[in-house]
Structure formats: C-alpha cells, structure tokens
Amino acid sequence: MVTHERRGSPCLDCHKSTTRMKENYIVADRIWSEAGLGRTDGCLCVGCLERRIGRALIPDDFPIVGLNLSNILYQGLASERLFDRMGGRATLGTVMYAITDIVDCIVKSEAKEE
Ligand SMILES: [Zn+2]
Numbered sequence: 212m213v214t215h216e217r218r219g220s221p222c223l224d225c226h227k228s229t230t231r232m233k234e235n236y237i238v239a240d241r242i243w244s245e246a247g248l249g250r251t252d253g254c255l256c257v258g259c260l261e262r263r264i265g266r267a268l269i270p271d272d273f274p275i276v277g278l279n280l281s282n283i284l285y286q287g288l289a290s291e292r293l294f295d296r297m298g299g300r301a302t303l304g305t306v307m308y309a310i311t312d313i314v315d316c317i318v319k320s321e322a323k324e325e
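Numbered according to our numbering, the sequence shown spans residues 212 to 325.
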C-alpha cells in the first residue's frame, strides 16, 4: 500500500495515477475478487473497476473504513464520480446522524454517572 502511494497508485488497467484522479478508496473484498484481483494486487480507478465487474459501484460496495470516510467527509478529496458512487451527500447525512447518535449516548451516560 505504502509503495503504491509513493508512485501515485497507478491504475492497473489505464495506468493513470489514481491519487491524481482523486480515486483512492477501499471496496469490499468480494468486489476486488469479482475484478479478478487480490487485496494487495494494486489499484484500479473507478472507471476501470466498473468495466471489470460490469456495473457501477454502489454505496454498499464501500466498507466503513477511515479512507472511505475521509472521501465522504472532506470536500474535494474524492473525484466527483467516486463521491457519487459512495452515495455522496446521502452517505454524509447517514454518517453525521450516526456521529450525533454516538455523542448523544456518551453525554447521557456521563450525565448518569454524576
Ligand atoms: Zn483506470
């Protein structure tokens, strides 16, 4: 992963830098194997991955991990098509709702302890 990062994580199929394309993301292992790849085989841009699996990516294909959350939370970090495939603002709303819920829980449990 680190060595790929250094070289701009070139797409295995079109050889463009996925970093420059703002398409660094993680998809579920089942998607990666559908594309005929193992976890550490390299990177694919959104377009080339979709060509390999024969359909557009959907929000369910992206596990909730740091890199994916960053793509949603920090404006301009992901390309427009990646942001779109990850559910864009709909997903952002879900994430914010979950965070509010967690904070609410913490506040309530702290209030109980006092
Ligand atoms: Zn590509």
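Ideal Cβ positions, reconstructed from N, Cα and C, are used throughout, including at glycine. Remember, it's a predicted structure, so these values are computed and weren't measured experimentally.
Listed in chain order, the alpha helix (DSSP H) elements of length 4 or more contained wholly in the stretch 233 to 297 are 240 to 245, 257 to 264, 277 to 284, 291 to 296.
If you look at R300, you'll find it in the alpha helix (DSSP H) that goes 299 to 324. Distances from the CB of L255 to the heavy atoms of ligand 1 include at least one below 7 Å.
A heavy atom of ligand 1 is found nearer than 7 Å to the CB of G258.
The three-state reading of DSSP puts C225 in coil, since its state is none of H, G, I, E or B. Shortest Cα-Cα distance from T302 to any of E324, D271, D315 involves D271. Within the same chain, Cβ atoms closer than 6 Å to the Cβ of R263 are found at A246, the five residues on either side in sequence being excluded.
Minimum Cα-Cα distance from V257 among the listed residues D312, G265, R250 corresponds to G265.
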